[in-house]
Amino acid sequence: MANQTVSGTLFKKMVTNGAVNLKNNHKEIDHLNVFPVPDGDTGTNMQMTMMAGIKEVNNLDSQSIVDISKILSRGLLMGARGNSGVILSQFFRGVYSEIAKIDNGSATIQEFIQALVGGYQMAYRAVMDPVEGTILTVVRESAEKVVRESSKLNSVEEVLKLYLEQARETLIKTPELLPVLKEAGVVDSGGAGFIKIIEGWVMALEGQMLNEAEVQSQPQAREHYQGAENLGAFDIKFGYCTEFIVKLHKPEKFNEKFMKDPLSQMGDSLVVVTDDDLLKVHVHTNQPGVALTLAQKYGDLQTIKIDNMRIQHSNIMPGEDAHEHKEVKKDANKVAKKKAKYGIIAVGSGEGIKDAFTELGVDLVIDGGQTMNPSTEAFVKAVESLNCEHIIILPNNKNIILSAEQSMDLCPNRSIRVLKTKNIAHGYASLMAFDPTAELDDNFEAMMSIVTNMRSGEITYAVRDTELNGVVIKNNDFIGITRGEILVSTPSRLDTAKALLEDMIDENREIITIFYGLQSDEDELELIVAHAKKLNPDIEVDLIEGKQDIYSYIIAVE
Numbered sequence: 094m095a096n097q098t099v100s101g102t103l104f105k106k107m108v109t110n111g112a113v114n115l116k117n118n119h120k121e122i123d124h125l126n127v128f129p130v131p132d133g134d135t136g137t138n139m140q141m142t143m144m145a146g147i148k149e150v151n152n153l154d155s156q157s158i159v160d161i162s163k164i165l166s167r168g169l170l171m172g173a174r175g176n177s178g179v180i181l182s183q184f185f186r187g188v189y190s191e192i193a194k195i196d197n198g199s200a201t202i203q204e205f206i207q208a209l210v211g212g213y214q215m216a217y218r219a220v221m222d223p224v225e226g227t228i229l230t231v232v233r234e235s236a237e238k239v240v241r242e243s244s245k246l247n248s249v250e251e252v253l254k255l256y257l258e259q260a261r262e263t264l265i266k267t268p269e270l271l272p273v274l275k276e277a278g279v280v281d282s283g284g285a286g287f288i289k290i291i292e293g294w295v296m297a298l299e300g301q302m303l304n305e306a307e308v309q310s311q312p313q314a315r316e317h318y319q320g321a322e323n324l325g326a327f328d329i330k331f332g333y334c335t336e337f338i339v340k341l342h343k344p345e346k347f348n349e350k351f352m353k354d355p356l357s358q359m360g361d362s363l364v365v366v367t368d369d370d371l372l373k374v375h376v377h378t379n380q381p382g383v384a385l386t387l388a389q390k391y392g393d394l395q396t397i398k399i400d401n402m403r404i405q406h407s408n409i410m411p412g413e414d415a416h417e418h419k420e421v422k423k424d425a426n427k428v429a430k431k432k433a434k435y436g437i438i439a440v441g442s443g444e445g446i447k448d449a450f451t452e453l454g455v456d457l458v459i460d461g462g463q464t465m466n467p468s469t470e471a472f473v474k475a476v477e478s479l480n481c482e483h484i485i486i487l488p489n490n491k492n493i494i495l496s497a498e499q500s501m502d503l504c505p506n507r508s509i510r511v512l513k514t515k516n517i518a519h520g521y522a523s524l525m526a527f528d529p530t531a532e533l534d535d536n537f538e539a540m541m542s543i544v545t546n547m548r549s550g551e552i553t554y555a556v557r558d559t560e561l562n563g564v565v566i567k568n569n570d571f572i573g574i575t576r577g578e579i580l581v582s583t584p585s586r587l588d589t590a591k592a593l594l595e596d597m598i599d600e601n602r603e604i605i606t607i608f609y610g611l612q613s614d615e616d617e618l619e620l621i622v623a624h625a626k627k628l629n630p631d632i633e634v635d636l637i638e639g640k641q642d643i644y645s646y647i648i649a650v651e
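Read in my numbering, the sequence shown has 267 at position 174, and its numbers run on one by one without any break.
Below, the structure written as structure tokens:
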């Protein structure tokens, strides 16, 4: 019999079934990646995010859809891993924001459709620069389809079958919307993972409840895709990256458009998010003071971060040898670690890498990286464990930044800055500029300047044939990555390393740090160092046994 409403009990079955279907098939999602490196983890992040939410739901006795969607939203937020996980958590937060308006324990067909609309709207608001051709497009077009056809839909089953049909159609066309997907011959993995969730919903409605031992499908030839968030070049049209949290005076009367409308005229990369009585804003603007003054009309500022993205710091300590400066910073930071003014949290994998960060003054290293993104809850627990005035977080992976930033919302009483370090090289180099006696904003600015001005690179191996940015890549080739793109691919790891160094090193560089991993070769490493010296005889080379997997070499050039 077709369902005319979504009760709490039915909703619980649906979301549980969707989570299990995703978990059973997440390897398929992982395997489909824009870049042919062995670190695809979109499916892993999404399923771990979903299972964190389901765990909370299973501990809830209430049969109300309002209560269940609320605890699900909170659980997903705390368990969110990676960009895909954060976006997914915000989709369900948007679903809850609409379901919360319901007067009873069940949602009508129209109320459920509106919840799907709220989900995509919240997901879009969670991303600084929404990119079409990703999971965002899938959730939006699917919701828009059922809204257009709502007068013809007479059951929850009809709604979700149409929703799923549109999701699949949108997924197929994602390569036409995002050129990098088309070039790689793949579709968006975040959208594919989302479809697994909705498939589980439909199966639950049909009485087909899954268990975690079942696998519903096998990897298919061209349905391999990676969420393509954070793609594109960075154009500094608006110079100040401005972020702040406001505790609203009258949250019930506040509308996000009060901030979005004026700020959209003053800058770009705008995101405005409200959660109960808290308002979080991110914007790139040339008038940060105006943005803060505007925010003060509606509440009290809790945290503020303003970065001048144009500032260049070419000489951190003029007249001092760069390598000596590095060693001095190591010693100084060992002392700084004991001070209560600052606490530093970093993400890293490989015992050597963790030791290196600890030596530079990092108080707590969260285990994780490209193949295992820490959850939002891991960051919250790390923040709560530190007894200090200010906390600086180094995510060291672009897919972990959003999860780290969630800690700012969840710990509004703590002074937290998330430095947007996109790899281990960024995080390690940024610590050279950390001064335990300086003010927080000064430290953040100096550390970000290092990240902006340095070069970083990684060497790993390809897991399939493809072509990206004109680089022909063969399975098992060694590939060199820099500036977020694959620069070179050859059958020789040494030749790949040499080509990468030739692009990264010039006469103005002073220090090169090489983290060598578990697959590295000692003789090969000597040849790599010799090539770096050939390119710049004056450069200082610092070798660190990182013991990392996946990447044979991680390189920082300052």
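Glycine included, each C-beta is placed from N, C-alpha and C at the ideal position. Bear in mind the structure is a predicted one, so any value in this text is a computation, not a measurement.
Do you know whose CA, among the options, lies nearest residue i's CA?
i      : options                           : result
Ala526 : Ile517, Met540, Ala518 and Asn516 : Met540
Ile161 : Thr386, Gly172, Thr137 and Arg186 : Arg186
Asp599 : Ile579, Ile632, Glu251 and Lys515 : Ile632
Ser100 : Ser157, Glu617 and Gly178         : Ser157
Leu257 : Glu276, Asn247, Glu191 and Arg233 : Arg233
Ile572 : Thr335, Gly563 and Pro584         : Pro584
Leu103 : Leu153, Ala297 and Thr553         : Ala297
Met143 : Val108, Glu121 and Asn118         : Val108
Asn110 : Glu498, Gly300, Met359 and Val273 : Gly300
Val249 : Gly226, Ala193, Leu561 and Thr98  : Thr98
Ala514 : Gln463, Ile552, Tyr554 and Thr559 : For clarity, residue 514 is Thr in the given sequence; the question names Ala instead. Out of Gln463, Ile552, Tyr554 and Thr559, Gln463 has the C-alpha closest to the C-alpha of Thr514.
Gly178 : Ala497, Ile459 and Ile195         : Ala497
Ser182 : Asn568, Val458, Asn138 and Val279 : Asn138
Can you find the residues in the same chain that come closer than 7 Å, C-beta to C-beta, to residue i, ignoring five residues on each side of it along the sequence?
i      : result
Ser613 : Ser645 and Tyr646
Lys431 : At Lys431 the pLDDT is 43, less than 50, meaning the model places this residue with poor confidence; the figure from the coordinates comes in the next sentence. For Lys431, where only same-chain residues beyond five positions count, there are no Cβ hits under 7 Å.
Ile206 : Val239, Val240, Ser243 and Val252
With a threshold of 16 other CB atoms inside 10 Å of the CB of residue i, please say whether the residue is buried or exposed.
i      : result
Ser542 : buried
Ala145 : buried
Ser244 : exposed
Asn490 : buried
Ala518 : buried
Arg548 : buried
Asp535 : exposed
Asn197 : exposed
Ile180 : buried
Lys163 : buried
Lys116 : buried
Val476 : buried
Arg507 : buried
Ala95  : exposed
Asp154 : exposed
Leu394 : exposed
Please return the same chain residues whose Cβ sits closer than 8 Å to the Cβ of residue i, not counting the five positions on each side in sequence.
i      : result
His406 : With a pLDDT of only 28 at His406, under the threshold of 50, the placement of this residue in the model should not be trusted; the figure read from the coordinates follows. Excluding positions up to five away in sequence, the list reads Ala526, Ala539, Ser542, Ile543 and Asn546.
Gly639 : Gly443, Gly445, Ile446, Ala449, Ile517, Phe608, Tyr609, Gly610 and Ile647
Ala112 : Gln140, Met143, Met144, Gly146, Ile147, Ile290 and Gly293
Tyr217 : Pro223, Leu229 and Arg233
Grab me the residues of residue i's own chain with a C-beta within less than 6 Å of its C-beta, minus the 5 sequence neighbours each way, in chain order.
i      : result
Leu533 : His483
Glu292 : Asn114
Leu253 : Trp294 and Val295
Gly360 : Phe331, Val376, His377 and Thr378
Does the beta-carbon distance from residue i to residue j come in below 7 Å?
i      : j      : result
Lys340 : Gly392 : yes
Arg174 : Asn466 : yes
Ile338 : Pro505 : yes
Leu363 : Leu356 : yes
Thr267 : Gly212 : no
Asn176 : Asn492 : yes
Gly286 : Gly136 : yes
Thr263 : Val240 : no
Val581 : Ala590 : no
Met597 : Val650 : yes
Val188 : Ala208 : yes
Glu578 : Asn562 : yes
Over what stretch of residues does the beta strand (DSSP E) that includes residue i continue unbroken?
i      : result
Tyr213 : Unbroken run through Tyr213 is the alpha helix (DSSP H), Ile202 to Arg218; no beta strand (DSSP E).
Asp460 : Leu457 to Asp460
Val511 : Ser508 to Val511
Ala649 : Tyr646 to Val650
Tyr391 : Counting along the chain, Tyr391 falls outside any beta strand (DSSP E), and DSSP gives it neither H nor E.
Arg448 : The sequence as given places Asp at residue 448; Arg does not occur at that position. Premise fails: Asp448 lies in the alpha helix (DSSP H), Glu444 to Glu452, not in any beta strand (DSSP E).
Ser582 : Glu578 to Thr583
Val564 : Val564 to Ile566
Glu121 : Note, Glu121: premise wrong, no beta strand (DSSP E); alpha helix (DSSP H) at Gly101 to Asp123.
Gly550 : Arg548 to Tyr554
Gly520 : Per DSSP, Gly520 belongs to no beta strand (DSSP E); it is in the alpha helix (DSSP H), Ile517 to Ser523.
What residue range does the alpha helix (DSSP H) around residue i cover?
i      : result
Leu165 : Ile158 to Gly172
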